[in-house]
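*Asks:*
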């Protein structure tokens, strides 16, 4: 009695092993990209929301979108690769775009040598920013940059202290005195934090703010 032996070509086995290894590498890179993306989000200073909130909000969205795109790409290509591999490809792409956006050319805010405490960047009537801070912690930011939001590189004594700077927030000054000017500003703290920082009224009294550079109401 003769038996029909089905012999699998050795090249076919090698191809399957190679494809399996490649899928493993792609999935590993996808996980690595996700972890790196989470780390970058946690280091991102935010105006209002906690970085952890951003992670909990955007991570499920990232995974869901990547899964859908990966699933449909697998169907379109009629690939034998599993959906997780294609999902990982899109995770890598999206995280790479996010990483690149974090390292786009940034604005530099130059802090005076002995300054610490609160910095106020007042919205100006000019096109362009003036991020050279005076000895009272005052600088100027244009309306477009203020509205879009930005995370500058903070330089003090030629050192990058961006990671030390916390508490970015927006504010405005309201006074009972009659004024023709608008006092909107972006503020953040240069360590060490002072117990008392001059408010806008005090800054005006010492002529720390050039009101001719501010927009009128």
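Residue numbers (UniProt numbering): 1 to 217. Ideal Cβ placement from N, Cα and C applies to all residues, glycine included. Note that the structure is a prediction, hence the values are computed from the model and not measured.
1. So who's on the other strand from residue 171, going by DSSP bridges?
2. Considering just the uninterrupted stretch of the beta strand (DSSP E) at residue 123, what are its terminal residues?
3. Over what stretch of residues does the beta strand (DSSP E) that includes residue 78 continue unbroken?
4. Per DSSP, what are the beta-bridge partners of residue 159 in this structure?
5. Helix, strand or coil: how does DSSP classify residue 133 here?
6. Buried or exposed: which applies to residue 119, given that a residue is buried once 16 or more other Cβ atoms fall within 10 Å of its Cβ?
7. Which one of 127, 151, 158 and 157 has the shortest CA to CA distance from residue 165?
8. So, with DSSP's three-state summary, where would you put residue 141?
9. Do you know offhand how far residue 203's Cα is from residue 136's?
*Replies:* Looking at the coordinates:
1. In the chain shown, the residue the question calls residue 171 occupies position 171. Note: residue 171 sits in a beta bridge opposite 185.
2. Taking the chain shown and counting its residues from 1, one reaches residue 123 at position 123. Under the DSSP assignment, residue 123 falls in the beta strand (DSSP E) whose first and last residues are 117 to 123.
3. Stepping through the chain shown from its first residue, residue 78 is reached at position 78. Premise fails: residue 78 is in no beta strand (DSSP E) and is neither H nor E.
4. Here the question's residue 159 lines up with position 159 in the chain shown. BP columns for residue 159 point to 156.
5. Along the chain shown, one-based indexing puts residue 133 at 133. Three-state DSSP puts residue 133 in coil, outside helix and strand.
6. Residue numbering aside, residue 119 sits at position 119 when the chain shown is read from its first letter. That one is buried.
7. Along the chain shown, read from residue 1 onward, the residue named residue 165 stands at position 165. Taking only the C-alpha atoms, the option nearest residue 165 is 151.
8. Sequence index remark: in the chain shown, residue 141 carries index 141 (1-based). Note: residue 141 maps to strand in three-state DSSP.
9. Here the question's residue 203 lines up with position 203 in the chain shown. Here the question's residue 136 lines up with position 136 in the chain shown. Their Cα atoms are separated by approximately 8 Å.
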